[in-house]
Structures are given as C-alpha cells and as structure tokens.
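Report on the structure given below.
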Amino acid sequence: MMDFDPAYNRLAIAQLPQRIGATLIDFVACEFLSQLIQALIWNNNDGSLNTFIFAPVWFLFRVLVSSKAQGQSFGRWLMSIRVVDMNYGKTSGIVDLLKREAVIFLGLVILLSTFTTTLIVFAWLPLAVDIIFAIADPVKRQMLHDRLGGTIVIMSRKGFELDRKLSKLFGQVGQRTTQLYQDRYGGRDDDLDYQPRNTNRGQPRSQSPSQSRSQKQTRYPEDDYGYEERSRPPSRARRPRRRR
Numbered sequence: 001m002m003d004f005d006p007a008y009n010r011l012a013i014a015q016l017p018q019r020i021g022a023t024l025i026d027f028v029a030c031e032f033l034s035q036l037i038q039a040l041i042w043n044n045n046d047g048s049l050n051t052f053i054f055a056p057v058w059f060l061f062r063v064l065v066s067s068k069a070q071g072q073s074f075g076r077w078l079m080s081i082r083v084v085d086m087n088y089g090k091t092s093g094i095v096d097l098l099k100r101e102a103v104i105f106l107g108l109v110i111l112l113s114t115f116t117t118t119l120i121v122f123a124w125l126p127l128a129v130d131i132i133f134a135i136a137d138p139v140k141r142q143m144l145h146d147r148l149g150g151t152i153v154i155m156s157r158k159g160f161e162l163d164r165k166l167s168k169l170f171g172q173v174g175q176r177t178t179q180l181y182q183d184r185y186g187g188r189d190d191d192l193d194y195q196p197r198n199t200n201r202g203q204p205r206s207q208s209p210s211q212s213r214s215q216k217q218t219r220y221p222e223d224d225y226g227y228e229e230r231s232r233p234p235s236r237a238r239r240p241r242r243r244r
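Going by the UniProt record's numbering, 160 is the number at position 160 of the sequence shown; the sequence numbering is gapless.
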C-alpha cells in the first residue's frame, strides 16, 4: 500500500507577507463597497450600519467567490495564492471557508469597533495570536483559522503576482536612485580629499632674470621639423689677419 503524502508536503506554502497583503486588499475592497452601498441606499454614516453591511460583503467575496474561483479572492488573486484542503490539496468547500473566515471577521470587527477608542491597543491581540500560530508552524504555516477550517494557503500560478512585481519595481527604483546619487555626488568627496603632492613635477625650474638674459633661446630651422630648441653658442670676435 502506497503511503499518503499530504498536500502541505507536496505543494509550495504561501509566505506570511503574501497572506497579510491579500487580507488587507480584501478588507479595503470590502470596506469600500460597504461604504458605497451605505451611501447610495441609506445615506447614513452610522458605524453599526456599516458593520451590518460589511459582514455579507466580506463573506460574499471570501467564501462564495473563493469556493467558485479555486480558493482565490480578489486579494489572493493579486498575490497569486489560494486556499486548499490541507490533506488533498483540493479547493476547500463552503463550510471550511466559513469556519476560517468567521475567525478573521470576528477579529476585524473587534478592531474596527475599538478603532477610535483607547482599547485599540488590545484589539490587535486576536489578530496577533492568529499570526503567531503561523510563525510557530514553519512546515504548514497554519494560522488559527486555518486549523479550524483544516486548510492551508499555497502558491498559485494563476494570479497577478503583485508582490513580485512590486518588489521588482522597488528594486529598480532603488538602483536607479542609487545610480543617480552616485553620478551626482559620488566623486565630490574624492575631489575634496585629493591633494597633489608636487604640482611642479615635470616642469622647468624658474630662472633668474640674469640667467634668462644671458642664456637666450634661439630657434633654428631644424626646430620646425621636431628638433629640440638649443642655445646659440656665444659669438667670438674675429681677429684681424696679419699681412705677410
């Protein structure tokens, strides 16, 4: 009989930043839709009404849409990850997705209800505990809601790969910024530190006025053909010839 190999050993598990990014994207999208529905229908800014609208929108995108889209919501599609069964690697059912999303929704409701109060410091505790479970499980990286639903989050070829594109874009921007900075300010420190030791090396020594007058430089015709300049020999007075 062949041994059973669970899905978390066969498939690539998603990274924690990818999961957090996908959840934040879904939260922003659902919050925007709930605010839009509240403004169009009720035209009221009541916080309890916003939570009442946010709940069905959240479960619609995170449960129903994910069950029909191979475990991907809008945020998971952007991050190229999806939710599957931890044992068989198949798309999780609605019941399993409801279990896991109920825990996330409860943590978000606690966070939103205490966002404008001093209790917001303690409101992060449910989400922090949920993340600690994933950090303590390096193999499956299951959060608390994953364990309740019996699911794992894996990498997917289907998606936008937003995290990779953003990291590549930021890397290119950083390299470009560094290159521009080096081109503009890179050589300035070297110029300030450089002090030539001998600036007169290879140059002729200065002569006194008497030497310059006594030793006049005269150009000969061969100087035009590349010969060096040379001094004219001192002229000698001619002696008169004696007559025989």
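Quick reminder that beta carbons are idealized off the backbone N, C-alpha and C, glycines included.
Computed from a predicted model, the values in this text were never measured in an experiment.
Collapsing the DSSP output to three states places residue 151 in a strand. Counting of Cβ neighbours within 10 angstroms places residue 8 among the buried residues, the total reaching 16 or more. Linking residue 167 to residue 160 through their CA atoms gives a straight-line distance of about 13 Å. Annotation: the continuous beta strand (DSSP E) that includes residue 82 extends over 81-85. Between residue 94 and residue 63, the C-beta gap is smaller than 8 Å, which places the two residues in contact. About 7 Å separates the beta carbon of residue 55 from that of residue 105, a gap short enough to meet the 8 Å contact definition. Residue 82 is not a Cβ neighbour of residue 146, given a cutoff of 8 Å. Residue 89 sits close to residue 11, with the two beta carbons spaced by under 8 Å. Residue pairing of residue 91 in beta bridges, as defined by DSSP: 84. Counting other Cβ atoms within 10 Å of its Cβ, residue 24 stays below 16 and is therefore classed as exposed. Restricting attention to 34, 67, 49, 72, the CA atom closest to the CA of residue 57 is found in 34. Every alpha helix (DSSP H) of 4 residues or more that sits fully in the stretch 130-178 is shown, in chain order, as 144-149. Remark: C-beta atoms of residue 107 and residue 130 approach each other more closely than 8 Å. Here residue 71 is buried: its Cβ has 16 or more other Cβ atoms, across all protein chains shown, within 10 Å. Excluding the 5 residues flanking it on each side, residue 49 has same chain C-beta neighbours closer than 7 Å at 38, 42, in chain order. Residue 142 counts as buried, since no fewer than 16 other beta carbons sit within 10 angstroms of its beta carbon.
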